[in-house]
Structures are given as C-alpha cells and as structure tokens.
Amino acid sequence: MSTLKMRLISGLMLASIGIIAGGVATAGEIKQDMKVMNKNMKAAMSSNSIEEISGYVRALKNAAWEASNLNFDGSAAEQNTYREGLTKLQNQFGDVDRAINNRDLEGAKNALDKLRQTQKEYHNK
Numbered sequence: 001m002s003t004l005k006m007r008l009i010s011g012l013m014l015a016s017i018g019i020i021a022g023g024v025a026t027a028g029e030i031k032q033d034m035k036v037m038n039k040n041m042k043a044a045m046s047s048n049s050i051e052e053i054s055g056y057v058r059a060l061k062n063a064a065w066e067a068s069n070l071n072f073d074g075s076a077a078e079q080n081t082y083r084e085g086l087t088k089l090q091n092q093f094g095d096v097d098r099a100i101n102n103r104d105l106e107g108a109k110n111a112l113d114k115l116r117q118t119q120k121e122y123h124n125k
C-alpha cells in the first residue's frame with residue numbers, strides 16, 4: 001500500500017475518533033447546562049411580567065435543549081434516566097408556553113414549578 005493511501009486511511013480513522021469523542025459530553029458540560037437551567041428557573045419564578053418570564057423561559061428551554069443533545073459515558077441505566085428526565089421536561093414546556101401565550105403569569109409560574117419538581121426528581125435519580 002502506498003504511503004499516501006496509508007496517510008489517508010490514518011487521517012480518516014483519526015477524524016472518525018474525533019467525531020465520536022466529540023459527541024460524548026463531560027460531566028462538566030452537563031453540569032454547566034444544569035447550572036444555566038437553575039439560574040433561569042430562579043429568575044423566571046421571580047419575574048413580575050409575561051415579557052420578563054418569557055425571556056427566562058426561552059433561555060431555560062435552550063439550556064434544556066442543549067443538555068438533551070449531550071451524550072455522556074454513564075451506564076445505560078443512567079443514560080436512560082437522563083434522557084427520560086429531559087424528555088419529560090421538554091413535554092412540560094408546552095404547559096409553560098400555553099400559559100405565557102395566554103398572558104397568565106401565575107399559570108406560567110405554576111407550570112414552571114411542576115417543571116422544577118421534575119428537575120428535582122430526576123436530579124435525585
């Protein structure tokens with residue numbers, strides 16, 4: 001096999017490893033998304049207007065989406081629990097969005113409180 005072919009194959013193998021390794025998140029990356037989620041959750045719960053809460057909810061949803069796109073090297077059971085919790089959160093955002101669209105600040109906060117309970121439940125798991 002020629003040197004050029006060997007280098008090409010080696011390069012492709014290294015690129016593949018880089019892509020695979022790049023898809024696995026560190027605990028620090030996941031922890032950072034969770035911190036952003038908690039910060040925005042607290043700010044949203046302290047909001048005094050629909051406009052204010054809307055911005056925090058957008059940031060909260062973005063952090064949850066980012067976290068849901070991360071993979072980590074935990075056991076299969078841990079990974080399933082992680083995915084299950086984030087899926088549950090994504091589904092609960094619908095209630096928050098409906099309340100915001102109806103300009104119901106209290107309803108949005110109540111929906112966020114349920115979302116926070118789900119966060120706690122899965123964080124403990």
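For the sequence shown, position 3 matches number 3 in our numbering, and the numbering has no gaps at all.
Glycine included, every Cβ here is placed at the ideal spot set by N, Cα and C.
1. Given that a residue counts as buried once 16 or more other Cβ atoms are within 10 Å of its Cβ, and exposed if not, what is A76?
2. Determine, using beta carbons only, whether Q119 comes closer than 8 Å to chain C.
3. Could you check which residue in D104, G74, R103 and N69 has the C-alpha nearest to that of T87?
4. At what residue ranges does the region 57 to 115 contain a whole run of the beta strand (DSSP E), taking only runs of 3 or more?
5. Please look up how many angstroms separate the CB atoms of A44 and L112, rounded, as I've assumed it's under 8 Å.
6. Select from T81, A64 and I100 the residue whose C-alpha is nearest the C-alpha of K31.
7. Going by C-alpha distance, which of G55, S49, Q90 and E51 is nearest K39?
8. Taking 7 Å as the cut-off, is the CB of E66 close to at least one heavy atom of the ligand FMN?
9. Taking just the CA atoms, how far does D33 sit from V24?
10. Mapping DSSP to helix, strand and coil, what is S54?
11. G85: buried (16+ other C-beta within 10 angstroms of its C-beta) or exposed?
Short version:
1. Here residue 76 refers to the residue found at position 76 of the sequence shown. A76 is exposed by the Cβ-count criterion.
2. Protein chains in the displayed structure number just one, and chain C is not present.
3. To locate residue 87, count along the sequence shown from 1; it is residue 87. Nearest C-alpha to T87: N69.
4. Listed in chain order, there is nothing to give.
5. On the sequence shown, residue 44 is found 44 positions in, with the first residue counted as 1. On the sequence shown, residue 112 is found 112 positions in, with the first residue counted as 1. Between A44 and L112, the beta carbon gap of about 6 Å places them in contact (Cβ cut-off 8 Å).
6. The residue given as residue 31 occupies position 31 in the sequence shown. Considering only alpha carbons, the answer is A64.
7. Residue mapping note: residue 39 aligns to position 39 of the sequence shown, counting from 1. Ranking the options by Cα distance to K39, first place goes to G55.
8. This structure lacks the ligand FMN; in fact it carries no ligand of any kind.
9. Working through the sequence shown from its first residue, we reach residue 24 at position 24. Working through the sequence shown from its first residue, we reach residue 33 at position 33. Note that V24 has pLDDT 49, beneath the 50 cutoff, so the model's placement of it is unreliable and no number is given.
10. Position 54 of the sequence shown, counting from 1, holds the residue named residue 54. Helix, per DSSP.
11. Position 85 of the sequence shown, counted from the start, is the residue given in the question as residue 85. With a 10 Å radius around the Cβ and a threshold of 16 neighbouring Cβ atoms, G85 comes out buried.
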